[in-house]
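Trainee: A single structure is presented below for examination.
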Amino acid sequence: MQAPTISDMSITDEHVVVDPKTTVGMVSERLSRSPDDAILVKDKSGNIAGVVTSKDIFKALGEGKSVVKLRLEKIMRTNVLTTEANTPLADALTQISKQGPDAIVIMDGPNFAGYFSPDDYRSASRRIEAHQSMASRLKQSKSALTEAASEVEETDPDQEKLDLINLLLGDNEEEEEDEISSGLF
3 MQAPTISDMS ITDEHVVVDP KTTVGMVSER LSRSPDDAIL VKDKSGNIAG
53 VVTSKDIFKA LGEGKSVVKL RLEKIMRTNV LTTEANTPLA DALTQISKQG
103 PDAIVIMDGP NFAGYFSPDD YRSASRRIEA HQSMASRLKQ SKSALTEAAS
153 EVEETDPDQE KLDLINLLLG DNEEEEEDEI SSGLF
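Residue numbering for the sequence shown follows the numbering used here, starting at 3 and increasing by one per position.
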C-alpha cells in the first residue's frame, strides 16, 4: 500500500496567482465570491513570494488603510513553504506543523503545481489517519492469515483451502441453515 502524497490532494483550487502590483480592488470580487481563497503573489522571477487572504485585507482596513488601490505586495505575508508534489503527505504535514507557514506552495520540479490550503491540510490529516488505520488492519490480517496457515494440518490440502476461505470470508453454513429453516428457500 503506497502512502498518499501531496499531489493526491486537490491543490489546483482555492487560489489565484497574481503579480505583486495587483491591487486589493482588483481581487476583491474574487474574494467576495470565495472568501476562503488565497491570493498568491508572485515576484518578478515568477516564484510565489507571498499570500494574501480576506483576513489580511480586513486587517489593513482595521488599521485605517484605504485598501482599494493598495498593492498586494504591501500586505502579503511572506512565510511561504515550498514542497514537491511527490512529497508523502505524512512528511509534508510534519514539515508544515514544525514551520507554521503562511502558505504552502506545491511544485512539480521547476513548475508551480498548486496551493495546499488549510482545507487541504484538514483533509490530508484525515486521509493520513485512514491510511494508517488501513495499513494497521492489513498488517493484522496478514498476521492472522500467516498464523492460521501455519496451524492448518497439511494432511488434507482440500480442507486447508476450505479453512483459509472460511477464515477470509467467514463461515456462512449457519446462515444458510437459518434461511432454509425460516422458509426463505
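Think of the CB as a built atom: it goes at the ideal place given N, C-alpha and C, for glycine as much as any other residue.
With the cut-off set at 8 angstroms, would you say residue 108 and residue 87 are in Cβ contact?
Mentor: Yes.
Trainee: Give the C-beta separation of residue 89 and residue 13 to the nearest angstrom, bearing in mind that I take them to be a contact with Cβ-Cβ under 8 angstroms.
Mentor: Wrong, their Cβ atoms sit about 11 angstroms apart, outside the cutoff.
Trainee: Report all residues from its chain with a CB closer than 8 angstroms to the CB of residue 59; omit the five preceding and five following residues, and keep chain order.
Mentor: For residue 59, where only same-chain residues beyond five positions count, the Cβ hits under 8 angstroms are 26, 30, 33, 69 and 77.
Trainee: Out of 47, 91, 145 and 80, state which residue places its alpha-carbon closest to the alpha-carbon of residue 4.
Mentor: If we check each option's Cα against that of residue 4, 91 comes out closest.
Trainee: Mark residue 96 as exposed unless 16 or more other C-beta atoms lie within 10 angstroms of its C-beta, in which case mark it buried.
Mentor: Exposed, by the Cβ-count rule.
Trainee: Cα-Cα, which of 44, 104 and 121 is closest to residue 15?
Mentor: The shortest C-alpha separation from residue 15 is found at 121.
Trainee: Quick one: what does DSSP say residue 66 is sitting in, helix, strand or coil?
Mentor: Three-state result, residue 66: coil.
Trainee: Based on DSSP bridge pairs, tell me the residues matched to residue 84.
Mentor: Paired residues: 107.
Trainee: Determine the direct distance from the alpha carbon of residue 51 to that of residue 39, and round the result to whole angstroms.
Mentor: Spanning the two alpha carbons is a distance of roughly 17 angstroms.
Trainee: If we require 3 or more residues per run, which beta strand (DSSP E) segments fall completely within the stretch 18-67?
Mentor: Complete beta strand (DSSP E) runs here, min 3: 40-44 and 50-54.
Trainee: Please work out which residues of its chain come closer than 8 angstroms, Cβ to Cβ, to residue 57, disregarding the five sequence neighbours upstream and downstream, and give them in chain order.
Mentor: None.
Trainee: Closer than 6 angstroms by C-beta to residue 119: which residues in its own chain qualify, once you throw out the five before and the five after it? Chain order, please.
Mentor: Answer for residue 119: 16, listed in chain order.
Trainee: With distance defined between alpha-carbon atoms, name the residue in 47, 102, 37 and 93 nearest to residue 22.
Mentor: Cα-wise, what sits closest to residue 22 is 47.
Trainee: Can you round the beta-carbon distance between residue 53 and residue 105 to whole angstroms, since I take them to be within the 8 angstroms contact cut?
Mentor: Sure, about 4 angstroms apart at Cβ, within 8 angstroms.
Trainee: To which residues does DSSP link residue 116 through a beta bridge?
Mentor: Residue 116 is bridged to 108.
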